[in-house]
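>
In UniProt numbering, the protein residues as written are 1 to 234.
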């Protein structure tokens with residue numbers, strides 16, 4: 001078992017290689033055979049392996065913390081906010097590392113407020129609200145529950161789309177100026193069955209559908225709904 005916390009503590013005067021060698025020595029391992037180069041390569045720090053960590057960004061420190069956790073070749077890896085401080089490329093790299101570990105049989109447990117982490121990595125999820133478990137089960141079940149969402153709708157004929165949306169049962173057009181970012185964009189609130197019917201009507205009337213995307217991910221919507229229900233019941 002190995003753990004990783006957000007903002008791992010490092011020896012700032014040492015390099016990544018030296019930090020990992022010190023950790024290996026604390027565990028009674030020979031730094032020459034501890035696999036330090038392998039874990040540095042795994043997290044993408046080979047090019048800075050001999051630079052002092054004093055000037056490292058948060059994202060680089062996060063990667064080094066992950067390398068330290070991987071040094072023990074854990075069967076169970078516990079992570080806290082693993083993508084905090086990472087740029088998009090760094091996040092994709094770390095997601096790839098964790099995905100490979102899981103595929104190779106390592107159990108990965110992570111805590112995160114980042115829905116991207118959960119959607120990209122997790123097969124099972126537990127949601128806490130006010131210290132209570134409000135959901136625990138497969139991620140697929142949580143994300144596919146039928147909830148009303150706001151969708152961005154962009155078509156070849158915004159006026160016709162607006163008329164069809166106004167007349168469609170189960171569709172609410174959102175006119176909030178803060179939500180609508182341009183005149184051609186239509187924002188509608190609907191359950192998935194009603195949205196499916198609107199798409200059918202658009203196609204039947206010859207209106208080309210250029211974009212239909214949720215304003216928030218289904219997982220984020222489920223999380224917000226569950227936590228709001230818990231807060232309302234307190």
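Every residue, glycine too, gets a C-beta built ideally from N, C-alpha and C.
The beta strand (DSSP E) spanning residue 105 covers which residue range?
As a first step, residue 105 is located in the chain shown; it is residue number 105 there, counting from the start. Run containing residue 105: none; DSSP gives neither H nor E here.
> Could you tell me how far apart the beta carbons of residue 61 and residue 45 are, in whole angstroms, since I believe they sit closer than 8 Å?
Here residue 61 corresponds to residue number 61 of the chain shown, with the count starting at 1. Here residue 45 corresponds to residue number 45 of the chain shown, with the count starting at 1. No, residue 61 and residue 45 are not in contact; Cβ-Cβ is about 10 Å, not under 8 Å.
> Is the distance from the Cβ of residue 174 to the Cβ of residue 150 below 8 Å?
In the chain shown, the residue the question calls residue 174 occupies position 174. In the chain shown, the residue the question calls residue 150 occupies position 150. Result yes, Cβ atoms of residue 174 and residue 150 sit closer than 8 Å.
> Considering only their Cβ atoms, is the gap separating residue 129 from residue 169 smaller than 8 Å?
Along the chain shown, read from residue 1 onward, the residue named residue 169 stands at position 169. Along the chain shown, read from residue 1 onward, the residue named residue 129 stands at position 129. Going by C-beta atoms, residue 169 is not nearer than 8 Å to residue 129.
> With a 10 Å radius around its C-beta and 16 neighbouring C-beta atoms as the bar for buried, classify residue 177 as buried or exposed.
Position 177 of the chain shown, counted from the first residue, corresponds to residue 177. Annotation note: pLDDT 49 at residue 177 (below 50); position unreliable, coordinate value reported separately. By the 10 Å Cβ count, residue 177 comes out exposed.
> Kindly list the residues whose CB is nearer than 7 Å to the CB of residue 171, restricted to its own chain and excluding five residues on each side of it in sequence; keep chain order.
Residue mapping note: residue 171 aligns to position 171 of the chain shown, counting from 1. Excluding positions up to five away in sequence, the list reads 165, 188, 190, 194 and 198.
> Contact defined as beta carbons within less than 8 Å: I believe residue 54 pairs with residue 12. What is the distance between those atoms, to the nearest angstrom?
Here residue 54 corresponds to residue number 54 of the chain shown, with the count starting at 1. Here residue 12 corresponds to residue number 12 of the chain shown, with the count starting at 1. With 8 Å as the limit, residue 54 and residue 12 qualify as a contact, their Cβ atoms being about 4 Å apart.
> Are there 16 or more other CB atoms within 10 angstroms of the CB of residue 211, so buried, or fewer, so exposed?
Residue numbering aside, residue 211 sits at position 211 when the chain shown is read from its first letter. Exposed, because fewer than 16 other Cβ atoms sit within 10 Å of the Cβ of residue 211.
> Mapping DSSP to helix, strand and coil, what is residue 43?
Within the chain shown, the letter at position 43 stands for residue 43. Residue 43: coil per DSSP, three-state reduction.
> Using three-state DSSP, classify residue 92 as helix, strand or coil.
Taking the chain shown and counting its residues from 1, the one referred to as residue 92 is at position 92. Three-state result, residue 92: helix.
> Helix, strand or coil for residue 17, going by three-state DSSP, please let me know.
Counting from 1 along the chain shown, the entry for residue 17 is found at position 17. The answer is helix: DSSP assigns residue 17 an H, G or I state.
> Taking the alpha carbon of residue 82 as the reference point, which residue from 57, 117 and 50 has its own alpha carbon closest?
Taking the first residue of the chain shown as 1, we reach residue 82 at position 82. That would be 117, whose Cα lies nearest to the Cα of residue 82.
> Exposed or buried, residue 214, counting other C-beta atoms within 10 Å across all chains shown (16 or more means buried)?
Within the chain shown, the letter at position 214 stands for residue 214. The residue is exposed, with fewer than 16 neighbouring Cβ atoms inside 10 Å.
> Where do the ends of the alpha helix (DSSP H) carrying residue 235 lie?
The first residue shown for the chain is 1 and the last is 234, placing residue 235 beyond what the model contains.
> How would you label residue 107, buried or exposed, when you count the other beta carbons within 10 angstroms and need 16 or more for buried?
Here residue 107 refers to the residue found at position 107 when the chain shown is read from its first residue. Classification of residue 107: exposed, given that the 10 Å Cβ count is below 16.
> Here's a check: name, in chain order, each residue in its chain whose Cβ is nearer than 6 Å to the Cβ of residue 184, leaving out the five neighbours to either side.
In the chain shown, residue 184 corresponds to position 184, counting from 1. Cβ within range, chain order: 158.
> Look at the alpha carbon of residue 209 and the alpha carbon of residue 160, and state the distance between them as a whole number of angstroms.
Reading the chain shown from its first residue, position 209 is the one you call residue 209. Reading the chain shown from its first residue, position 160 is the one you call residue 160. Looking at the two C-alpha atoms, the distance is approximately 12 Å.
> Alpha carbon to alpha carbon, what distance is there between residue 43 and residue 90?
As a first step, residue 90 is located in the chain shown; it is residue number 90 there, counting from the start. As a first step, residue 43 is located in the chain shown; it is residue number 43 there, counting from the start. So the alpha carbons of these two residues sit roughly 9 Å apart.
> In the region 148-194, which residue ranges form an unbroken alpha helix (DSSP H) of at least 4 residues, counting only runs that do not cross its ends?
158-167
> Take residue 227 as the anchor and find which of 186, 201, 56 and 134 has the nearest alpha-carbon.
For the purposes of this step, residue 227 is taken as the residue at position 227 of the chain shown. Closest in C-alpha terms to residue 227, from the list 186, 201, 56 and 134, comes 134.
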